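S.K.: Residue numbering for the sequence shown follows numbering that gives the first Met the number 0, beginning at 0 and increasing consecutively.
Provided herewith is a single structure, encoded as structure tokens, for subsequent inquiry.
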Amino acid sequence: MLTRRHVLVSALAGPAILRFGTGTARAATTLKISHQFPGGTIDKGDFRDRLCRMFAEEVAKRSGGEISAEIYPNSSLIKTNAQFSAMRKGALDISLYPMPYAGGELPETNIGLMPGLVTTYDQGLAWKKNPIGKALTDFLADKGIILLTWVWQAGGVASRSRPIVAPEDAKGMKVRGGSREMDMVLQTAGAAVLSVPSNEIYAAMQTGACDAGITSSTSLISFRLEEVSKSLTSGAGASYWFMLEPLMMSKSIFDGLPKKHQDVILAVGLELEAFGRKGAQDDDVEVAKVYEKAGAKISALDIATVGKWRDIARDTAWKDYGAKTATAANLLKLASDVAA
Numbered sequence: 000m001l002t003r004r005h006v007l008v009s010a011l012a013g014p015a016i017l018r019f020g021t022g023t024a025r026a027a028t029t030l031k032i033s034h035q036f037p038g039g040t041i042d043k044g045d046f047r048d049r050l051c052r053m054f055a056e057e058v059a060k061r062s063g064g065e066i067s068a069e070i071y072p073n074s075s076l077i078k079t080n081a082q083f084s085a086m087r088k089g090a091l092d093i094s095l096y097p098m099p100y101a102g103g104e105l106p107e108t109n110i111g112l113m114p115g116l117v118t119t120y121d122q123g124l125a126w127k128k129n130p131i132g133k134a135l136t137d138f139l140a141d142k143g144i145i146l147l148t149w150v151w152q153a154g155g156v157a158s159r160s161r162p163i164v165a166p167e168d169a170k171g172m173k174v175r176g177g178s179r180e181m182d183m184v185l186q187t188a189g190a191a192v193l194s195v196p197s198n199e200i201y202a203a204m205q206t207g208a209c210d211a212g213i214t215s216s217t218s219l220i221s222f223r224l225e226e227v228s229k230s231l232t233s234g235a236g237a238s239y240w241f242m243l244e245p246l247m248m249s250k251s252i253f254d255g256l257p258k259k260h261q262d263v264i265l266a267v268g269l270e271l272e273a274f275g276r277k278g279a280q281d282d283d284v285e286v287a288k289v290y291e292k293a294g295a296k297i298s299a300l301d302i303a304t305v306g307k308w309r310d311i312a313r314d315t316a317w318k319d320y321g322a323k324t325a326t327a328a329n330l331l332k333l334a335s336d337v338a339a
């Protein structure tokens, strides 16, 4: 996988424009799908890019060519952090987007990376069938966003020097956490924090602006962080870092489609959730192999250590988030009920 990904990252760095349709007639609707991750093919590469391509192909097939898609990896259409706002305004159709990146615009979305709140894939995916799922989807719909495919990803830590396993290991280090709440936990543990999207961690670590980056297993591989790391803490067995990175769609664009097209889009999005889970979990295992091959020291998290991070989070990030808005407080309570 290492070689495959490296080749794809370099060879497919620009926009990948895919038009799926039947015959020679122009499709009635062309959707633009944007994401920040490396481009590949429908069969190879970052599973998040593959999921977008699978979505596009299947929607085109089921619509009889009435819907086509243009896929833009590497934030080649719209810069990473601007994609959420663009969807809300109807300027972008679809994005596979890390939900907490929208926290500056809608602080409630930081529930998608609340340290220690979600600790297993089963727990995260259970949100959808519990009151937290309805509350979150209703909130996002009210803000102009529809969730098409729920994707959760466990994360680990790549470090330029010593490994970060327990909270005390972070003291004195400059760490990218991935959300405001994760940053609060890191600061309580004695770290300095850096706020950049995952596709900018490599440059930050390469220049020394960042000592360690916490991100999903897939991003730890796809963004080649093993090239600038001496240590990896894997989240394969247990993790305090789970991020919700769903396939999202602009509600205004969705609402403007015929119902038959809406039904196709929703059905395909739902069916891809199993692929998303498998892709994330496969990379949880693969990441240790990639870093070990590069010569990095591999460390693992256990339940007791995850508990230490959760204890800090509960006293800092959870309290801060719950005090933001009434909606945030309700989301936190409902999510905690699933964890109980």
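Quick reminder that beta carbons are idealized off the backbone N, C-alpha and C, glycines included.
Here the structure is a predicted model, which means the values were calculated and not measured.
Considering only C-alpha positions, which residue in the set Ala-81, Thr-79, Arg-61, Ala-55 is nearest to Glu-69?
M.R.: The shortest C-alpha separation from Glu-69 is found at Ala-55.
S.K.: Skipping 5 residues on each side, what residues in its chain have a beta carbon closer than 6 Å to that of Ser-298?
M.R.: Only Pro-162, Val-164, Thr-232 meet the Cβ criterion.
S.K.: To the nearest angstrom, how far is the alpha carbon of Leu-135 from that of Ala-153?
M.R.: Distance between the alpha carbons of Leu-135 and Ala-153 is about 20 Å.
S.K.: In whole angstroms, give me the CA-to-CA distance for Val-289 and Val-192.
M.R.: The alpha-carbon atoms of Val-289 and Val-192 are separated by roughly 26 Å.
S.K.: Once you ignore the five residues that flank Lys-296 on each side, which residues in its own chain have a CB closer than 8 Å to its CB?
M.R.: Result list for Lys-296: Pro-162, Lys-229, Ser-230, Leu-231, in chain order.
S.K.: Can Ser-94 and Ile-41 be called in contact, C-beta distance under 9 Å?
M.R.: Cβ atoms of Ser-94 and Ile-41: not closer than 9 Å.
S.K.: By DSSP, does Val-192 sit in helix, in strand, or in coil?
M.R.: Here Val-192 sits in strand by DSSP.
S.K.: Buried or exposed for Ala-334, going by 16 or more other Cβ atoms inside 10 Å?
M.R.: Ala-334 is buried by the Cβ-count criterion.
S.K.: Just the Cα atoms here: how many angstroms apart are Leu-269 and Lys-60?
M.R.: Answer to the nearest angstrom: the Cα atoms are 16 Å apart.
S.K.: Below 8 Å, how does it come out for the stretch 298-308 and the stretch 163-181: are there three or more Cβ pairs, yes or no?
M.R.: Output reads yes: the stretch 163-181 touches the stretch 298-308.
S.K.: Using the beta-carbon count (16 or more within 10 Å), is Arg-25 buried or exposed?
M.R.: Note that Arg-25 scores a pLDDT of 46, beneath 50, so its modelled location is shaky and nothing firm can be said.
S.K.: Within the same chain, show all residues whose beta-carbon is closer than 7 Å to that of Ser-62, passing over the 5 residues directly before and after it, in chain order.
M.R.: Cβ neighbours of Ser-62 beyond the five flanking positions: His-260, Val-263.
S.K.: Considering Glu-244, what are the terminal residues of the alpha helix (DSSP H) in which it resides?
M.R.: Counting along the chain, Glu-244 falls outside any alpha helix (DSSP H), and DSSP gives it neither H nor E.
S.K.: Can you check which of these residues, Asn-80, Asp-121, Ala-125, Arg-159, is closest to Leu-224 by C-alpha distance?
M.R.: Cα-wise, what sits closest to Leu-224 is Arg-159.
S.K.: Between which two residues does the alpha helix (DSSP H) carrying Thr-136 extend?
M.R.: Start and end: 130-141.
S.K.: Give a yes or no on whether the C-beta atoms belonging to Lys-258 and Ile-145 are separated by under 9 Å.
M.R.: No, they are not a contact pair.
S.K.: DSSP has Leu-340 in a bridge; who is on the other side?
M.R.: Any question about residue 340 goes unanswered here, given that the chain covers just 0 to 339.
S.K.: Per DSSP, what kind of secondary structure is Ser-251 in: helix, strand or coil?
M.R.: Correct three-state label for Ser-251: helix.
S.K.: Within the continuous alpha helix (DSSP H) that includes Thr-326, where are the two ends?
M.R.: Looking at the DSSP string, the run of the alpha helix (DSSP H) that includes Thr-326 is 325-338.
S.K.: Give every residue of the same chain whose Cβ lies closer than 6 Å to the Cβ of Ile-302, excluding the five residues on either side of it in the sequence, and list them in chain order.
M.R.: Cβ within range, chain order: Ala-237.
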